[in-house]
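Residue 28 is where the sequence shown starts when you use our numbering, and the numbers rise one by one after that. Where a beta carbon is used, it is the ideal one built from N, C-alpha and C, also for glycine. It should be emphasised that the depicted structure is a prediction, and the values quoted were computed from it without experimental measurement. Comments concern the structure below.
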Amino acid sequence: MCSSIIPRSYYEAKRKLRDLGLGYETIHACKYECLLYWKEFADLQHCPTYGEARYKVNHNRGKKISHKVLRHFPLVPRLQHLFVSQEGSADMRWHREKHVETDDVLRHPAEAERWKHFDSEYPIFASDPRNMRLGLASNGFNPFGQMSMLYNMWPVMLLPYNFPPWKCMKETNFFMSLLIPGPRPPGREIDVYLQPLIEELKELWTFGVRTYDSLTGQFFQLSVVLLWTINDFSPYGDLSGWSKKGYQICPICIGDRSSFGIRGRISFMGHRRYLLENHVWRRFRLHDGKVEHRASSVDKKRKRALNWTKRSIFFELLYWSRLLLHHKLDVMHIEKNVCDNLVVSLNIEGKTKDITNARLDLQDLKIRKDLHLVEVGSRLVKPHASYTLTSSERVEFCNFLKSVKKHLRLQRRHAQNAMNLYKRHERIFPEWFRAQVLELHESANLSDDFFLLAMGPSFDVHCYNGCIVGGLRFHTVELDSQCTTQNSGVMVIGESDASGSGDNNFYGVLDEVQFESCASIQNKRIWDVPEVNDVENEHINILEVVVSHQVDDHIEDDSLYRINIDPMIVERPVVQHVSDDFIDDVDEHLSHASNDNEL
Numbered sequence: 028m029c030s031s032i033i034p035r036s037y038y039e040a041k042r043k044l045r046d047l048g049l050g051y052e053t054i055h056a057c058k059y060e061c062l063l064y065w066k067e068f069a070d071l072q073h074c075p076t077y078g079e080a081r082y083k084v085n086h087n088r089g090k091k092i093s094h095k096v097l098r099h100f101p102l103v104p105r106l107q108h109l110f111v112s113q114e115g116s117a118d119m120r121w122h123r124e125k126h127v128e129t130d131d132v133l134r135h136p137a138e139a140e141r142w143k144h145f146d147s148e149y150p151i152f153a154s155d156p157r158n159m160r161l162g163l164a165s166n167g168f169n170p171f172g173q174m175s176m177l178y179n180m181w182p183v184m185l186l187p188y189n190f191p192p193w194k195c196m197k198e199t200n201f202f203m204s205l206l207i208p209g210p211r212p213p214g215r216e217i218d219v220y221l222q223p224l225i226e227e228l229k230e231l232w233t234f235g236v237r238t239y240d241s242l243t244g245q246f247f248q249l250s251v252v253l254l255w256t257i258n259d260f261s262p263y264g265d266l267s268g269w270s271k272k273g274y275q276i277c278p279i280c281i282g283d284r285s286s287f288g289i290r291g292r293i294s295f296m297g298h299r300r301y302l303l304e305n306h307v308w309r310r311f312r313l314h315d316g317k318v319e320h321r322a323s324s325v326d327k328k329r330k331r332a333l334n335w336t337k338r339s340i341f342f343e344l345l346y347w348s349r350l351l352l353h354h355k356l357d358v359m360h361i362e363k364n365v366c367d368n369l370v371v372s373l374n375i376e377g378k379t380k381d382i383t384n385a386r387l388d389l390q391d392l393k394i395r396k397d398l399h400l401v402e403v404g405s406r407l408v409k410p411h412a413s414y415t416l417t418s419s420e421r422v423e424f425c426n427f428l429k430s431v432k433k434h435l436r437l438q439r440r441h442a443q444n445a446m447n448l449y450k451r452h453e454r455i456f457p458e459w460f461r462a463q464v465l466e467l468h469e470s471a472n473l474s475d476d477f478f479l480l481a482m483g484p485s486f487d488v489h490c491y492n493g494c495i496v497g498g499l500r501f502h503t504v505e506l507d508s509q510c511t512t513q514n515s516g517v518m519v520i521g522e523s524d525a526s527g528s529g530d531n532n533f534y535g536v537l538d539e540v541q542f543e544s545c546a547s548i549q550n551k552r553i554w555d556v557p558e559v560n561d562v563e564n565e566h567i568n569i570l571e572v573v574v575s576h577q578v579d580d581h582i583e584d585d586s587l588y589r590i591n592i593d594p595m596i597v598e599r600p601v602v603q604h605v606s607d608d609f610i611d612d613v614d615e616h617l618s619h620a621s622n623d624n625e626l
């Protein structure tokens, strides 16, 4: 009967996860998000700032319900779990031991200037590649999906940058540290909810945590650093303290702004300054009616601009002020916003940007006079733009998009079937190649190598009761039973574990020796030992020897290892060329012993 038992209840499942260190702790929060009932405020029943009760009013007897509950997932046990397996421990060292840096391609954050600057500032931390480097990301989502209920929760995720690039950005490797409750976004008060995480990060930086490394079999002190945050612009402002409103909200332009007010919103028009100095678009006046001569402002420091709304809680980390880059904008969100604006420019009803206010803004800027509103009697008419399509042109354009979509679908299907095509090629090509060579062999002169390749391997084997390897004689169990000495025991040296101890050797007895006669173009002489699947039986069934056709004549000798011949007769030149370390070559030709049924 299987020993695995499914938990009987949801509560029991949560308890088992908590025992593994995968649970979470609940922390009550003030209704107005001014504090957490945590540490010195854990026993308070009312908010010291607003006097609001900690729990909702409940006239019925029962469990008290807090206004807001923060769920905190402890970080330390999950970081320690990464080193439990040897694979996870090796991945934590990847950025130092296996990463290959290139000059023209950024493959991993370890190649970034900010990463290298941190290593130079804190060489003791950088000396151990196992020390953890994290990134933080957060954004709101509606847990009720497409339902009309307005609710917004904010998970705070941590990204492990020690991992290889194909793992560090995989969702299964993210750590959710906090789950901030709704129903509204936390806004500037997000620092209140970040207190448990910041407290953990400070302890992990100052003291570290004693962790067992399964790859070395030793304990070490694990330290952790938070390198930066990556967010959309809204949480970017909440986490950093940068203002999200007004004419100076751009964190790149700062005080040297190019923003001005238009009808109903603020417009930012200084994008051309980031082009090359001799770029032709700098001289175009169609953009805002001006020629752009200004240089880029990416090198200016934001601390000189008075656009901060708070001091971020991240500055409580001792190393935070010495980082080159604190907060990053998520490129994915920016690209999505740009693409959304491009799509709605296709005159989608209710989402188009070509509205009356936009035409009036063009008149105020004195640009694109061909698009200004025209008075026709008592009405204002919008002239058609040059990109406006007629009905027939729209149909033609949609047909083109349909063909592109069909082409992409075929390409996707081809990519999905690439493995099937490869398997089909492996199945069909040998028979086709054999038929072609046989046809050419009858009409033209082909080399023996081509003919032998086309015929494939020979499945004929010669079975014997013994062999000599490196001057040592081995007998089968059947032959050993008739002798007073025992020479049927064999040993296969297995791969040593991470600690270097060679305790993975396999011991067994020899049942049969099979010499496979095959023609090898490269003339390799390799001893091949098949893989032992049943370790518990401690028994090796077949010892297979792959030899070339040059020694085939010796093996065909009937006097070699007959049952009625004394084993001493086997000391012949046939075994003079065999390498002593035949066990070391198992991996290279292990495929020869993969099909024991055919042998």
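Reference residue i, options the options, closest by Cα
i: His-408; options: Tyr-414, Asp-487, Asp-397 and Pro-101; result: Correcting the residue identity first, residue 408 is Val in this sequence and not His. Answer by Cα proximity: Asp-397.
i: Asp-357; options: Gly-297, Pro-278, Thr-256 and Asp-315; result: Thr-256
i: Ala-481; options: Asn-472, Gly-498, Cys-490 and Phe-456; result: Phe-456
i: Trp-335; options: Leu-231, Tyr-263 and Glu-453; result: Tyr-263
i: Leu-185; options: Glu-230, Gly-273 and Val-103; result: Val-103
i: Arg-290; options: Trp-347, Gln-390 and Ser-515; result: Gln-390
i: Val-488; options: Thr-511, Val-540, Leu-437 and Asp-475; result: Val-540
i: Asp-507; options: Val-519, Cys-494 and Gly-498; result: Cys-494
i: Phe-295; options: His-306, Gly-273 and Arg-312; result: Gly-273
i: Leu-44; options: His-94, Arg-88, Pro-101 and Asp-218; result: Pro-101
i: Arg-321; options: Ser-285, Leu-345, Lys-355 and His-354; result: Ser-285
i: Glu-128; options: Ala-139, Ala-56 and Thr-238; result: Ala-139
Residues of its chain near residue i, where Cβ-Cβ distance is below 6 Å and the 5 sequence neighbours each way are ignored
i: Arg-349; result: Glu-148
i: His-360; result: Asp-259
i: Leu-352; result: Arg-141 and Trp-255
i: Gly-167; result: Asn-179, Trp-181 and Pro-212
i: Arg-42; result: none
i: Trp-347; result: Phe-341
Cα-Cα separation, residue i to residue j
i: Ser-261; j: Ile-293; result: 16 Å
i: Leu-97; j: Val-371; result: 38 Å
i: Arg-386; j: Leu-400; result: 6 Å
i: Leu-302; j: Arg-309; result: 8 Å
i: Val-403; j: Gln-275; result: 40 Å
i: Ser-165; j: His-411; result: 43 Å
i: Thr-383; j: Leu-109; result: 58 Å
i: Pro-557; j: Met-203; result: Note that Pro-557 scores 39 on pLDDT, short of 50, meaning its location in the model is unreliable and no value can be drawn from it.
i: Ala-546; j: Pro-484; result: In this predicted model, Ala-546 has a pLDDT of only 46, less than 50, meaning its place in the structure is not dependable; the value taken from the coordinates is given anyway. For Ala-546 and Pro-484, the distance between alpha carbons rounds to 8 Å.
i: Trp-232; j: Ala-137; result: 19 Å
i: Lys-380; j: Asp-367; result: 11 Å
i: Ile-394; j: Glu-376; result: 26 Å
i: Arg-105; j: Lys-229; result: 17 Å
i: Ser-339; j: Lys-83; result: 31 Å
i: Ile-207; j: Lys-90; result: 22 Å
i: Phe-427; j: Asp-46; result: 59 Å
i: Cys-277; j: Arg-134; result: 29 Å
i: His-99; j: Tyr-51; result: 5 Å
i: Tyr-4; j: Asp-130; result: Not covered by the structure: residue 4. The range shown for the chain is 28 to 626.
i: Phe-246; j: Gln-107; result: 11 Å
i: Asn-447; j: Thr-512; result: 54 Å
i: Leu-537; j: Lys-450; result: 36 Å
One or two residues paired with residue i in a DSSP bridge
i: Thr-256; result: Leu-163 and His-354
i: Asp-240; result: Gln-245
i: Gly-493; result: His-502
i: Arg-406; result: Val-403
i: Ser-286; result: Phe-295
i: Lys-95; result: Ala-56
i: Phe-168; result: Met-180
Proximity test, Cβ basis, 7 Å: residue i and chain C
i: Ser-250; result: Looking for chain C here will not work: only one protein chain is present.
Cβ shell of residue i (< 8 Å), same chain only, five flanking positions each side left out
i: Phe-171; result: Tyr-178
i: Phe-478; result: Val-464 and His-468
i: His-73; result: Glu-79, Ala-80 and Arg-81
i: Asn-532; result: Met-518, Val-519, Ile-520 and Gly-521
i: Pro-192; result: Arg-134 and His-135
Distance cut-off 6 Å: residue i Cβ against heavy atoms of the ligand COA
i: Val-318; result: Ligands are entirely absent from the displayed structure, and the ligand COA is therefore not among its contents.
Neighbourhood of residue i by C-beta distance below 7 Å, restricted to the same chain and skipping five residues each side
i: Arg-299; result: Trp-308, Arg-309, His-314 and Glu-319
i: Cys-195; result: Leu-186, Pro-187 and Tyr-188
Original post:
On the three-pair Cβ rule with 8 Å, is the segment 56-76 touching the segment 219-239?
Top reply: Taking 8 Å as the limit for Cβ pairs, the verdict is that the segment 219-239 does touch the segment 56-76.
**OP:** Could you say if the segment 152-165 and the segment 238-251 meet the contact criterion of at least three C-beta pairs nearer than 8 Å?
**Re:** Short answer: they touch.
Subject >> At least three beta-carbon pairs within less than 8 Å, the segment 232-243 to the segment 107-122 >> reply: Yes, the segment 232-243 touches the segment 107-122.
**OP:** Could you tell me whether the segment 193-201 touches the segment 37-47, where touching means 3 or more Cβ pairs closer than 8 Å?
**Re:** No, the segment 193-201 does not touch the segment 37-47.
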